[in-house]
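Have a look at the structure below, then the notes.
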Amino acid sequence: MNSKFQLGSRSLALLWVAFVLIVSALLLKLWLGSTHLPIETNILKLLPKNQQDKVAEQAFKAVSTSMSDRVIFVLSSQDKEKLLQAARTFEKGLLETQQFTNVIGEISPDKQQAWASYYFNHRFQQLTQTQRDRLNQDPQAQIQHVLQVLYNPFSGVTSQELQSDPFLLFRDYLSQVKQQTSAFTLDSGYLFAKKEGQQYLLITAILDSSPYSFPTQLVVSKIEQLEQSIATQFNTKTAHTGALFYASYGTQNAKHEITTIGAFSLLGIIVLLLIVFRSLSPIGLALLSISVGLLVALSVTILVFGKVHLFSLVFGASLIGVSIDYAFHYLTESLSLGHHWDSREGLKHIFVAITLGLATSLIGYITMLIAPFPGLQQLALFSSIGLIAAYTTVVAWYPVLAKQPSHNVANVPAKKLLSAWLSAWQYSSVKIGLPIICLVSSGYLLTQLEYNDDIRQLQAMPEALKKQETLITEVSGMQASQQMLVVTANSEQSLLERLEQLDSKLNQWRHTNIVESYQNLSNYLSSIERQQKDFALIKNLYQTQGPTLASDLQLLTTPILNASFVPVSLTGYLNNPVSEPIRFLYLGQIEGKSAAIIMLNQLNKPDVVKSFAQTQPDISYLDKAEEISSLFRDYRIKIMELLFSAAAIIFSVLVKRYGFNHGWRIILPSVIACICGLAAAVAAGSTLNLFNLLGLVLILGIGIDYTLFFAEKSHSLSTLLAITLSAITTILSFGLLALSQTHAIHSFGITVLSGIFVAWLLSPIAIITKEKPQ
Numbered sequence: 016m017n018s019k020f021q022l023g024s025r026s027l028a029l030l031w032v033a034f035v036l037i038v039s040a041l042l043l044k045l046w047l048g049s050t051h052l053p054i055e056t057n058i059l060k061l062l063p064k065n066q067q068d069k070v071a072e073q074a075f076k077a078v079s080t081s082m083s084d085r086v087i088f089v090l091s092s093q094d095k096e097k098l099l100q101a102a103r104t105f106e107k108g109l110l111e112t113q114q115f116t117n118v119i120g121e122i123s124p125d126k127q128q129a130w131a132s133y134y135f136n137h138r139f140q141q142l143t144q145t146q147r148d149r150l151n152q153d154p155q156a157q158i159q160h161v162l163q164v165l166y167n168p169f170s171g172v173t174s175q176e177l178q179s180d181p182f183l184l185f186r187d188y189l190s191q192v193k194q195q196t197s198a199f200t201l202d203s204g205y206l207f208a209k210k211e212g213q214q215y216l217l218i219t220a221i222l223d224s225s226p227y228s229f230p231t232q233l234v235v236s237k238i239e240q241l242e243q244s245i246a247t248q249f250n251t252k253t254a255h256t257g258a259l260f261y262a263s264y265g266t267q268n269a270k271h272e273i274t275t276i277g278a279f280s281l282l283g284i285i286v287l288l289l290i291v292f293r294s295l296s297p298i299g300l301a302l303l304s305i306s307v308g309l310l311v312a313l314s315v316t317i318l319v320f321g322k323v324h325l326f327s328l329v330f331g332a333s334l335i336g337v338s339i340d341y342a343f344h345y346l347t348e349s350l351s352l353g354h355h356w357d358s359r360e361g362l363k364h365i366f367v368a369i370t371l372g373l374a375t376s377l378i379g380y381i382t383m384l385i386a387p388f389p390g391l392q393q394l395a396l397f398s399s400i401g402l403i404a405a406y407t408t409v410v411a412w413y414p415v416l417a418k419q420p421s422h423n424v425a426n427v428p429a430k431k432l433l434s435a436w437l438s439a440w441q442y443s444s445v446k447i448g449l450p451i452i453c454l455v456s457s458g459y460l461l462t463q464l465e466y467n468d469d470i471r472q473l474q475a476m477p478e479a480l481k482k483q484e485t486l487i488t489e490v491s492g493m494q495a496s497q498q499m500l501v502v503t504a505n506s507e508q509s510l511l512e513r514l515e516q517l518d519s520k521l522n523q524w525r526h527t528n529i530v531e532s533y534q535n536l537s538n539y540l541s542s543i544e545r546q547q548k549d550f551a552l553i554k555n556l557y558q559t560q561g562p563t564l565a566s567d568l569q570l571l572t573t574p575i576l577n578a579s580f581v582p583v584s585l586t587g588y589l590n591n592p593v594s595e596p597i598r599f600l601y602l603g604q605i606e607g608k609s610a611a612i613i614m615l616n617q618l619n620k621p622d623v624v625k626s627f628a629q630t631q632p633d634i635s636y637l638d639k640a641e642e643i644s645s646l647f648r649d650y651r652i653k654i655m656e657l658l659f660s661a662a663a664i665i666f667s668v669l670v671k672r673y674g675f676n677h678g679w680r681i682i683l684p685s686v687i688a689c690i691c692g693l694a695a696a697v698a699a700g701s702t703l704n705l706f707n708l709l710g711l712v713l714i715l716g717i718g719i720d721y722t723l724f725f726a727e728k729s730h731s732l733s734t735l736l737a738i739t740l741s742a743i744t745t746i747l748s749f750g751l752l753a754l755s756q757t758h759a760i761h762s763f764g765i766t767v768l769s770g771i772f773v774a775w776l777l778s779p780i781a782i783i784t785k786e787k788p789q
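And the structure:
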């Protein structure tokens, strides 16, 4: 190193000051230069891109966008009039929030007429499959169907309807379209449903911006106030669902966890420093290294990724307990030397140990950078940069800021207890017996180890929101599904024809309970070829059965089909407002082909559908949750391999510096700690996943920090004190993660909490001394 920038020099301190100021200015610019806070809350942004093809990725994006922007409300009451009044008030209140581009509640007569007119104008070329089969096999049966409907006193057929649609084909077709969209029917301008004597009314709203942005999520509190208001005023209940509410809950939950973890970690550090050092100066130094670490980590992460995810901040808050390690070693060294303290010499005394500790921690984080998960990469970058910045702060600034000597080591609390613990490790019974006890107790628990790679563990699912979503699904028949078939063809018409071919297979699956229901674009619009065939069938019906119908119904004139065939293209249909509810089914042109999706609701036997899709070159099965869960499983295995590789690399570095006999004693406590961490998660009733293994990466890196200091400084009271303080703060940080309502974070917290404790417990194994006989 240039003598000008040697350890403890003012030049090095000023250089780091300049860097921190630049980073601070950059963060300020990034923060102020953005219209919204550069914090990402969308859980999907943590996930890797689709591993199959661009068509499948586009399909998922289209469906997720359509679903995430939509907010669904169902108002319920036994009094229909009060329900209507509540709906009008609620609809008006939603519009006044100015967060929705469209609120679909009361449907105006003009809009109803426009929808009816569109289908009515094309009524002679659209048939249901039941009508199609009937007209093909027995056209005369349609007359019997008309008579049955007319004799039904509740059918409501008017003379005008009979004149415009004498065979009542349009009525049945329109009924099918409505049923496929939802279980609601139009009444008094609103969509109503009835269930167990209760009236339900549907209101849908479309957000004007992403539900994952902070400003948008502020509308949730206004919605809740509005719901409370109409409940009081009209005795009406409201259920709601949508990505907005889950995203808002996740954001608030993450904010709470960040605040809790950060606040308690800092409080714990301050209390520990006050007890041990009885001075405010060490507190200021410790908080300085923590603050710089988090500041630099936040700046670099936003610069690289554009935004920092809340998930990274939750884990980043726990970084406080790790980044303080370097400060503790420096400050306890000062405490132990008392009036003989020299700030530069003190840094040189611990420099090798803290540098090796940083290196071993970074080896662990680099393991996470290799995995193609944006969330893990961001977490690894955030943590790595934070640790490097905290380490550099200690190396560059502490020798300048901590020139004054500390109190004598004799004043250290629990000095006798710490000394007794160090003395105990001179006995072979402790060195051999304690590790064996840890391994044996963990071994039994690991026999019950189970893995669960479900992606949904990443998101907390509050019971209240799940209940409301279930109610809306039961009442409406609408269900948000991420299981779908992606179908491609060379043109729009060939795509519609292919979708029509698949209808028979889909109906077969529905009848055999493989799938509860499905949404297929061909149910709403037929191909031109089928439109021509349907037109021919209807024309033949009028020609052959018109006279008979006129005779049976005693009509004054015989029904005649005067209309000409006017084909409806897919583009024309999608440009019309009537297609709005199902536009997301068409993906447009992808990779030079027309693509559409078939939504599968309540898929009971996915293997059957998956096997079928694998035999079709133009069809692929897509289930994003299953795909990511599968990736979690694959990368869980890869992380295990990388973890072994990292341990091997670290061990080789240790052997090179300390020799084989000492090297394995340095790494052994961390290995046992990893085993105990997994066992503790099993004992707590958690299923294991990728995040538990990420916890092992931390345990390995931090645990070796502890043993490295004993290897460098041997039988040192200041080393044990620093390690103990470090372990307490780390346990406090990650212990709080164990309280998280998100299973993955909770499980991660338990693993690291117990693993770090065992790493601290066994770290004196690295001390080389003459063993006292039993």
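When we follow my numbering, the leftmost residue of the sequence shown carries the number 16, and every step to the right adds one. By construction, the Cβ of each residue, glycine as well, lies at the ideal position given by its N, Cα and C atoms. All values reported here derive from a predicted model rather than from experimental measurement.
Using beta-carbon positions only, say whether Gln-569 and Ile-158 come within less than 8 angstroms of one another.
Inclusion of Gln-569 and Ile-158 in the CB contact set at 8 angstroms is not warranted, their separation being larger than that value.
Q | Own chain residues within Cβ distance below 7 angstroms of Cys-691, not counting five before or after | A | Excluding residues within five positions, the ones whose Cβ falls inside 7 angstroms are Cys-453, Ser-457, Ser-769, Gly-770 and Val-773.
Q) Would you report the Cα separation of Ala-269 and Leu-752, rounded to the nearest angstrom? A) Straight-line Cα distance between these residues: approximately 11 angstroms.
Just the C-alpha distance for Thr-503 and Ser-645, rounded to the nearest angstrom, thanks. CA-CA distance, Thr-503 to Ser-645, rounds to 25 angstroms.
| task | List the endpoints of the continuous beta strand (DSSP E) containing Met-614. | result | Looking at the DSSP string, the run of the beta strand (DSSP E) that includes Met-614 is 608 to 618.
Practice prompt. May I ask which residues mark the beginning and end of the alpha helix (DSSP H) holding Met-655?
Written response: For Met-655, the enclosing alpha helix (DSSP H) starts and ends at 639 to 673.
Determine, using beta carbons only, whether Leu-394 and Ser-327 come nearer to each other than 8 angstroms. Cβ atoms of Leu-394 and Ser-327: closer than 8 angstroms.
_Secondary structure of Lys-210, DSSP reduced to three states_ = Note: Lys-210 maps to strand in three-state DSSP.
Tell me whether Ala-429 is buried or exposed, calling it buried when 16 or more other Cβ atoms sit within 10 Å of its Cβ.
-> By the Cβ neighbour-count rule, Ala-429 is exposed, with fewer than 16 other Cβ atoms within 10 Å of its own.
Residue span of the beta strand (DSSP E) that contains Ser-594, given as start and end: Counting along the chain, Ser-594 falls outside any beta strand (DSSP E), and DSSP gives it neither H nor E.
### Query
Smallest Cα separation from Tyr-650: which of Arg-147, Gln-100 and Phe-388?
The shortest C-alpha to C-alpha distance from Tyr-650 to any of Arg-147, Gln-100 and Phe-388 is the one to Phe-388.
Range of the contiguous beta strand (DSSP E) that encloses Tyr-601: Unbroken beta strand (DSSP E) run through Tyr-601: 601 to 605.
- prompt: Going by Cα to Cα distance, which pick from Ile-682, Gly-700, Ile-654 and Thr-739 is closest to Leu-723?
  reply: Looking at the Cα atoms, Ile-682 is the closest of the given residues.
Taking only the alpha-carbon atoms, compute the straight-line gap between Leu-183 and Thr-586 and give it to the nearest angstrom. Between Leu-183 and Thr-586, the C-alpha separation is close to 28 angstroms.
* Taking 7 angstroms as the line, does the beta carbon of Gly-361 fall inside it for any heavy atom of the ligand ATP? -> The ligand ATP is not part of this structure, which contains no ligands at all.
Discussion item. Looking at Gly-265: is its Cβ nearer than 8 angstroms to the Cβ of Ile-87?
Written reply: Contact annotation: Gly-265 and Ile-87 have beta-carbon atoms that are not nearer than 8 angstroms.
Jot down the residue ranges of each uninterrupted alpha helix (DSSP H) in the region 683 to 740, minimum 4 residues, whole runs only, in chain order. With a minimum length of 4 residues, the continuous alpha helix (DSSP H) runs that stay inside the region 683 to 740 are 705 to 728.
Discussion item. Rounded to whole angstroms, what is the Cα-Cα separation between Ile-317 and Ala-33?
Written reply: Rounded to the nearest angstrom, the two C-alpha atoms are 20 angstroms apart.
### Task
Specify the secondary structure class of Ile-783 as computed by DSSP and reduced to three states.
In the structure shown, Ile-783 sits in coil (DSSP, three-state: anything other than H, G, I, E or B).
| query | Expressed to the nearest angstrom, what Euclidean distance is found between the alpha-carbon atoms of Leu-536 and Gln-604? | reply | Rounded to the nearest angstrom, the two C-alpha atoms are 16 angstroms apart.
Going by Cα to Cα distance, which pick from Leu-165, Thr-251 and Ser-39 is closest to Ala-102? For Ala-102, the nearest C-alpha among the options comes from Thr-251.
Query - 6 angstroms CB neighbourhood of Leu-384 in its chain, flanking five on each side removed - result: Counting only Cβ-Cβ distances below 6 angstroms, and skipping sequence neighbours, we find Gln-392 and Ala-395.
- Item | Cα-Cα separation between Ser-398 and Leu-500, rounded to whole angstroms | Each residue's alpha carbon lies about 40 angstroms from the other.
Self-check item: Straight-line Cα distance separating Asn-590 from Gly-710
Solution: CA-CA distance, Gly-710 to Asn-590, rounds to 52 angstroms.
On a CA-only basis, which of Ser-236, Gln-240, Val-164 and Asn-117 is nearest Ile-791? Give me that one, please.
Only positions 16 to 789 of the chain appear in the structure, and residue 791 is not among them; the question remains open.
* With C-beta atoms as the reference, is Phe-292 less than 8 angstroms away from Leu-346? -> It is a contact, given that the beta carbons lie within the stated cut-off.
Do Tyr-413 and Leu-300 have their C-beta atoms closer together than 8 angstroms?
Yes, Cβ-Cβ distance for Tyr-413 and Leu-300 is below 8 angstroms.
Let me know the secondary structure DSSP gives Thr-104 once reduced to three states. Judged by DSSP in its simplified three-state form, Thr-104 adopts helix.
Notebook entry, point to check: Between Leu-303 and Leu-281, what straight-line distance do the alpha-carbon atoms span, to the nearest angstrom?
Noted result: If I take the Cα positions, the gap works out to 12 angstroms.
Comparing alpha-carbon positions, which option in Phe-659, Lys-237 and Thr-104 lies nearest Cys-689?
-> For Cys-689, the closest C-alpha among the options Phe-659, Lys-237 and Thr-104 is that of Phe-659.
Point to revise | Tyr-466 - partner residues in DSSP beta bridges | key: Tyr-466 is bridged to Leu-703.
>> By the three-class DSSP mapping on this structure, what secondary structure does Ala-425 have?
In response: Confidence at Ala-425 is low in this model, with a pLDDT of 45, below 50, so the placement of that residue should be treated as unreliable; the coordinate-derived value is given next. Reduced to three states, the DSSP call for Ala-425 is helix.
- Counting along the chain, where does the alpha helix (DSSP H) carrying Leu-241 start and finish? Here the alpha helix (DSSP H) through Leu-241 covers 234 to 249.
inquiry  = Please return the same chain residues whose Cβ sits closer than 6 angstroms to the Cβ of Leu-208, not counting the five positions on each side in sequence.
reply    = Sequence inspection shows Ala at residue 208; the Leu mentioned does not correspond to that position. Around Ala-208: Ala-198, Phe-199, Tyr-215 and Val-490.
- Task: Specify the secondary structure class of Asp-518 as computed by DSSP and reduced to three states.
- Result: Asp-518 falls in the helix class under three-state DSSP.
| Closest residue to Leu-602 among Arg-25, Leu-41, Val-70 and Val-35 (Cα-Cα distance) | Ranking Arg-25, Leu-41, Val-70 and Val-35 by CA distance to the CA of Leu-602 puts Val-70 first.
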